[in-house]
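A.B. asks: In this note's numbering, the protein residues as written are 23 to 77.
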């Protein structure tokens, strides 16, 4: 389980996905909790380039 998955498990019940945004660090998923607070969770891996099949 990676850090993003652990963070997601600690969000309040009733939290729902809103959108994906592009940041300077990569893509992030935006979630909204029932109280209206927004939470962003990175949806990238720093080492994705190591797993690419372009070698």
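Here a beta-carbon is modelled for each residue, glycine too, at the ideal position from N, C-alpha and C.
Tell me whether residue 47 is buried or exposed, calling it buried when 16 or more other Cβ atoms sit within 10 Å of its Cβ.
C.D. replies: Numbered from 1 along the chain shown, position 25 holds the residue referred to as residue 47. Residue 47 is exposed by the Cβ-count criterion.
A.B. asks: With distances taken between CB atoms, is the gap from residue 24 to residue 39 smaller than 9 Å?
C.D. replies: Working through the chain shown from its first residue, we reach residue 24 at position 2. Working through the chain shown from its first residue, we reach residue 39 at position 17. No, Cβ-Cβ distance for residue 24 and residue 39 is not below 9 Å.
A.B. asks: Measure the CB-CB distance between residue 55 and residue 33 and report whether it falls below 9 Å.
C.D. replies: For the purposes of this step, residue 55 is taken as residue 33 along the chain shown, with counting starting at 1. For the purposes of this step, residue 33 is taken as residue 11 along the chain shown, with counting starting at 1. Yes, the Cβ-Cβ distance between residue 55 and residue 33 is below 9 Å.
A.B. asks: Work out the CA separation of residue 35 and residue 49 for me, nearest whole Å.
C.D. replies: Walking along the chain shown from the start, residue 49 turns up at place 27. Walking along the chain shown from the start, residue 35 turns up at place 13. Computed Cα separation, rounded: 24 Å.
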